[in-house]
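Residue numbers (our numbering): 382 to 463. Just so it is clear, CB atoms sit at the ideal spot from N, CA and C, and this is done for glycine as well. Here the structure comes first, spelled out in structure tokens, and everything after it is commentary.
What follows is the structure, given as structure tokens:
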């Protein structure tokens, strides 16, 4: 994931949450710079997996809508009279 795509406000908020998590769970104090560097690494490592999962979710949703449209079209088919 391109870390520049993450809005500055979101980066800052996530970095603060990472700092708090590390402090609460591991009694590890880091600065904002270190928290942002950790976020960059996490995004680089996990970002592609999360992005691909989002694509698959979007694809599945789109396919359900396509199936609904196809069902609607099938219901509009004219049948020849017997």
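* To do: Determine contact between the segment 420-429 and the segment 384-402, defined as no fewer than three beta-carbon pairs at a distance below 8 Å.
  => Result yes; three or more Cβ-Cβ pairs closer than 8 Å.
* Asked: Looking at the unbroken alpha helix (DSSP H) that takes in residue 428, where does it start and where does it end?
  -> 413-457
* From 424, 447, 438, 455, pick the residue whose C-alpha is nearest to that of residue 387; which is it? -> 424
* Classify residue 439 as buried or exposed, calling it buried when 16 or more other Cβ atoms lie within 10 Å of its own Cβ. => Classification for residue 439: exposed.
* With a cut-off of 8 Å, does the C-beta of residue 407 fall near any C-beta of chain B? -> Absent from the structure: chain B. Only one protein chain is present.
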